[in-house]
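Heads up: the structure comes next, in structure tokens.
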Amino acid sequence: MTLSGKAIYALVCGLAVLAWPDLTTNARAASPTLVVQPGVTAPASIAELARALKYDVNLIYEYVYTNIDYSPTYGVKKGALGTILDGKGNDFDQAALMVALLRQSGYTASYVKGRIRLFPAQLKNWLGVDDVSPCPIYDMLTYGGIPFTIAISPGPPLNCTTTTLGYVDMDHVWVSVTGGSLGASTYVYDPSFKARTTLSSGISLGSIMGYTRSGFLASAGGTIGISPPSIQNLNRTNLRVALDSYANNLVAYIRSNMPTATLNDVVGGNYVQPLSQPYSPFTSLPYQAPGSSQTVWSGDIPNAYRGTLRIQIGGIDQTYYSDQIYGHRLTIAYDSNSPPRPVLYLDGAVQGTGMGNATLISYTVDLPICFPTSGSASPGCGSSGGINYTNEFGFTNNLKASPVAGYTYAIVNGWDYSGRGMLELHRRQLQANQSAGASASSEAVLGEALNMVGYALLAHLSSLADLNDRIIGSKLVTHYAIGVVGQVSGPYIDIPGVVVGVSSLTNDTNRGETAFYSYAGHGSAFEWGVLDQNFLKANIGAVSTVKLIDIANSNGLVLYNADVSNWTTVQTLLSGYSSPDLTAIGGYIGAGFKVILPQQGNITQAGWTGVGYLGFQSSLIGVNQFAYGISSNLKGGFTDDNFASAFVPPPVEATSIVL
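Next comes the structure, spelled out in structure tokens:
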């Protein structure tokens, strides 16, 4: 028997709102029709890489196959350039990279979309999932938005403990190529399906570090209140001593017992099995699903399979494909008009000018995936072949009130895994713009510097997710991460729109939840950490929700756990809160959130005063959500110094983003 899985069980998250939902939304029939936007060019690095690979089809295949890791998501997200820079991509993006390199090298290359059939041993080797129970692969493909059918025995219904996995048929994209050294023959290459070495489980980290849950909690101490629930005076010194001890124990063990170890040896993982050269290509894919049809695209991948981002502010209304803008400089800068107007730029080209004093950016993200209800397709969701599997997400950035001429915001947009390469691309472009004579306060320089900060954050988050997955036995994929890094009185980060999917590699679903909570908690810390680490100005720090709660605890303040049942009482115990902050917190309470918030709302960090609070909701239509808020209705990190003048990026040679 077969079960159909065509949707996504997603973690809708943001450093504003994080969620792990079984979520249904209204799907649109198709991706929007776009007009060409100025300032978007093909990646010049494709030509150099093709030349370095000697314009040889087998070397090109080997490069993509060996060097680009696979991410189980669906549709074009980052394109050829982003895939090179991040070293990771799904089957659409890896095919896009290979096709671009082949066409640059003089071959006739096309995309092929069809269905592949994989059996348990192949799935385990490729994706690391359990090869007995069908549930881990069902979840992974569902959360990634990949259309598939799964064969189980017995069944249906699917049962994670008594049902056995037979095989999976899944939508997939690969490459066909002819011409050049291949002559008139046509061969197929699938760079994203990779054979891997045996999975390493890593070492026993807990026992080697000396960690126990009970011991760590005992280190925290603190005074617990009952009515309303609260905690005070957590022992941060003891916690740091414990963490230092764990780290030192691990370092000592590695030095003594495995000094040549790789990351895979320590925390688990595997490597792509090298190809044997000369490689003999196939004329047809050996694991294509029997009886399935295929579609050949001789041009580009159809637009219906590309994600889009729509940006609206003050009358500006522009929509871009994700692979058009990933790796490019997308900014909003306020002009010298009275009142100042937001101007949208793409790689320095003006895209539109908004109304004076407009400060609300509205985003709409459309992805070629579908969210069904309880495993079955929703009305208007999907079509034959999956072309119209689309969904829309909406969210906003509230920019700094009362804009001033020169205020600049980089619209940071990450699609799937974000690596250090994207950060380095913007660093190099910043250097080029400075060398060309652009002033420190120009959009060309500020925009690239702010992008560096934003992509440092996304690289932190992607590296965290990867490390978590290795240790925990989970898989977290990012569908998008979008927000701003702004320069107002000081630089700040506000990333309100992030959607990820999380699953467990085994039937232990707690692994997926654990990865989610770790990702959510570290995200807020990274927001202030990236600012704190990377601005070379004396005594500059930054704040975020996590840091502000830590400061409140260090000051001996009570931390309350408020909800709708005790909010009236908790409010009488609070002091120093502004009306906007109380209104925002009350909104979360009214929506069913529990909110952890400090006794005082006027916490001071250097030149910054305000509050940070954490909202959590566990029972809204099966959705678990986090909300990290700080004063001024921000959802990220903010520098703790109010600059008298515009932020001036440090010299490029001194700009080394910490990862």
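For the sequence shown, my numbering begins at 808 and goes up steadily by one.
Positions of the beta carbon are idealized from the N, C-alpha and C atoms, including for glycine.
Nearest-angstrom Cβ-Cβ length linking T1468 and P941, presumed shorter than 8 Å: Given a span of 808 to 1466 for the chain in the structure shown, any question on residue 1468 remains unanswerable.
Can you look up Y1112 in the DSSP assignment and give me helix, strand or coil? Here residue 1112 refers to the residue found at position 305 of the sequence shown. It is helical.
Quick check on the DSSP output: the beta strand (DSSP E) that includes D1173 runs from which residue to which? Here residue 1173 corresponds to residue number 366 of the sequence shown, with the count starting at 1. Boundaries of the beta strand (DSSP E) around D1173: 1167 to 1174.
With DSSP as the reference, please indicate the residues paired to L1153 in a beta bridge. Mapped onto the sequence shown, residue 1153 falls at position 346. L1153 is bridged to L1137, A1156.
Please give the ranges of any alpha helix (DSSP H) in the segment 1302 to 1361, keeping only runs that are unbroken, at least 4 residues long and fully inside the region. Within the segment 1302 to 1361, complete alpha helix (DSSP H) segments of at least 4 residues are found at 1317 to 1341, 1352 to 1361, given in chain order.
Beta-carbon contacts of S852 that lie in its chain and below 7 Å, excluding the five residues immediately before and after: Along the sequence shown, read from residue 1 onward, the residue named residue 852 stands at position 45. Same-chain partners within the cutoff: L888, I891.
Tell whether a beta-carbon distance below 9 Å holds between P1036 and Y1262. As a first step, residue 1036 is located in the sequence shown; it is residue number 229 there, counting from the start. As a first step, residue 1262 is located in the sequence shown; it is residue number 455 there, counting from the start. The answer is no: Cβ separation not under 9 Å.
Buried or exposed: which applies to A991, given that a residue is buried once 16 or more other Cβ atoms fall within 10 Å of its Cβ? Locating residue 991 in the sequence shown gives position 184, where the first residue counts as 1. So A991 ends up on the exposed side.
Measuring only the C-alpha atoms, how far is G753 from R922? As shown, the chain starts at 808 and ends at 1466. That puts residue 753 outside it, with no answer to give.
I need the straight-line Cα distance from L1092 to R924, nearest angstrom please. Residue mapping note: residue 1092 aligns to position 285 of the sequence shown, counting from 1. Residue mapping note: residue 924 aligns to position 117 of the sequence shown, counting from 1. Cα-Cα distance, rounded: 10 Å.
Alpha carbon to alpha carbon, how far is D1223 from I1302? For this step, residue 1223 is matched to residue 416 along the sequence shown. For this step, residue 1302 is matched to residue 495 along the sequence shown. Looking at the two C-alpha atoms, the distance is approximately 15 Å.
Contact check, S912 vs Y862 under 8 Å by CB: the rounded distance? Taking the sequence shown and counting its residues from 1, one reaches residue 912 at position 105. Taking the sequence shown and counting its residues from 1, one reaches residue 862 at position 55. Sure, about 4 Å apart at Cβ, within 8 Å.
Does V984 come out as helix, strand or coil in the three-state DSSP assignment? Residue numbering aside, residue 984 sits at position 177 when the sequence shown is read from its first letter. Secondary structure at V984: strand, using DSSP grouped into helix, strand and coil.
According to DSSP, simplified to helix, strand and coil, what is D1370? In the sequence shown, the residue the question calls residue 1370 occupies position 563. Reduced to three states, the DSSP call for D1370 is coil.
Return the residue from the list R1117, G1290, Q901 that minimises the CA-CA distance to P879. Taking the sequence shown and counting its residues from 1, one reaches residue 879 at position 72. Nearest option by C-alpha distance: Q901.
Rounded to the nearest angstrom, how far is the Cβ of F955 from that of V936, given a contact under 8 Å? Here residue 955 refers to the residue found at position 148 of the sequence shown. Here residue 936 refers to the residue found at position 129 of the sequence shown. Not really, about 13 Å apart at Cβ, beyond 8 Å.
Whether or not the segment 1317 to 1334 and the segment 927 to 935 are in contact is what I'm after, with contact meaning three or more pairs of Cβ atoms, one per stretch, closer than 8 Å; do they touch? Cβ pair count under 8 Å is below three, so no.
Would you tell me roughly how many angstroms separate the C-alpha atoms of I1392 and V1402, rounded to the nearest one? Position 585 of the sequence shown, counting from 1, holds the residue named residue 1392. Position 595 of the sequence shown, counting from 1, holds the residue named residue 1402. Taking the Cα positions, I1392 is about 7 Å away from V1402.
Which of the three DSSP states is assigned to G896 in this structure? As a working mapping, residue 896 is identified with position 89 in the sequence shown. In the structure shown, G896 sits in a strand (DSSP, three-state: E or B).
How many Å lie between L1006 and L1057 at the Cα? Mapped onto the sequence shown, residue 1006 falls at position 199. Mapped onto the sequence shown, residue 1057 falls at position 250. If I take the Cα positions, the gap works out to 21 Å.
What do you get for V1103, buried or exposed, if any count of 16 or more other CB atoms within 10 angstroms of its CB means buried? Working through the sequence shown from its first residue, we reach residue 1103 at position 296. The residue is exposed, with fewer than 16 neighbouring Cβ atoms inside 10 Å.
Are there 16 or more other CB atoms within 10 angstroms of the CB of V1157, so buried, or fewer, so exposed? As a position in the sequence shown, residue 1157 is number 350, starting the count at 1. With fewer than 16 neighbouring CB atoms inside 10 Å of its own CB, V1157 falls in the exposed class.
So, Y1326 versus V1309, is the Cβ gap smaller than 9 Å? Numbered from its first residue, the sequence shown carries residue 1326 at position 519. Numbered from its first residue, the sequence shown carries residue 1309 at position 502. Cβ distance < 9 Å, so Y1326 and V1309 count as in contact.
Rounded straight-line distance, which links the Cα of K1282 to that of Y1299: Along the sequence shown, read from residue 1 onward, the residue named residue 1299 stands at position 492. Along the sequence shown, read from residue 1 onward, the residue named residue 1282 stands at position 475. Roughly 30 Å between the two C-alpha positions.
Compute the Euclidean distance between the alpha carbons of Y1384 and V1353, then round it to the nearest angstrom. Looking up residue 1384 in the sequence shown gives position 577. Looking up residue 1353 in the sequence shown gives position 546. For Y1384 and V1353, the distance between alpha carbons rounds to 18 Å.
Where does A991 sit, in a helix, a strand or coil, going by DSSP? Residue numbering aside, residue 991 sits at position 184 when the sequence shown is read from its first letter. In the three-state reduction of the DSSP assignment, A991 falls in the coil class.
With a threshold of 9 Å between beta carbons, is L1174 in contact with chain D? The structure shown has no chain D; it contains just one protein chain.
Using DSSP bridges, identify the partner residues of V883. Reading the sequence shown from its first residue, position 76 is the one you call residue 883. V883 is bridged to R1113.
Taking the alpha-carbon positions, what's the S838 to G886 distance? Stepping through the sequence shown from its first residue, residue 838 is reached at position 31. Stepping through the sequence shown from its first residue, residue 886 is reached at position 79. For S838, the predicted structure reports a pLDDT of 41, less than 50, and the residue's modelled location is therefore unreliable. The matter cannot be settled from this model.
Would you mind giving the Cβ-Cβ distance between L1274 and V995, rounded to the nearest angstrom? I have them listed as a contact below 8 Å. On the sequence shown, residue 1274 is found 467 positions in, with the first residue counted as 1. On the sequence shown, residue 995 is found 188 positions in, with the first residue counted as 1. With 8 Å as the limit, L1274 and V995 do not qualify as a contact, their Cβ atoms being about 35 Å apart.
Name the residue from Y1216, G1363, A1398, S1248 whose alpha carbon lies nearest to the alpha carbon of A1369. As a first step, residue 1369 is located in the sequence shown; it is residue number 562 there, counting from the start. The candidate whose alpha carbon is nearest that of A1369 is A1398.
Count the other C-beta atoms from every protein chain shown that fall within 10 angstroms of the C-beta of M1065, then say buried if there are 16 or more, exposed otherwise. Stepping through the sequence shown from its first residue, residue 1065 is reached at position 258. Exposed, since its Cβ has fewer than 16 Cβ neighbours within 10 Å.
Y1053 - containing alpha helix (DSSP H), residue span: As a position in the sequence shown, residue 1053 is number 246, starting the count at 1. Note, Y1053: alpha helix (DSSP H), 1043 to 1064.
For V1048, count the other beta carbons within 10 Å of its own beta carbon; 16 or more makes it buried, fewer makes it exposed. Which is it? Stepping through the sequence shown from its first residue, residue 1048 is reached at position 241. The residue in question, V1048, is exposed, as its Cβ has fewer than 16 Cβ neighbours within 10 Å.
Considering only their Cβ atoms, is the gap separating Y1127 from V1211 smaller than 9 Å? Locating residue 1211 in the sequence shown gives position 404, counting from the first residue. Locating residue 1127 in the sequence shown gives position 320, counting from the first residue. Taking 9 Å as the cut-off, the Cβ atoms of V1211 and Y1127 do not count as close.
Verify whether the separation of the beta carbon atoms of G1254 and T1138 is less than 9 Å. As a position in the sequence shown, residue 1254 is number 447, starting the count at 1. As a position in the sequence shown, residue 1138 is number 331, starting the count at 1. Yes.
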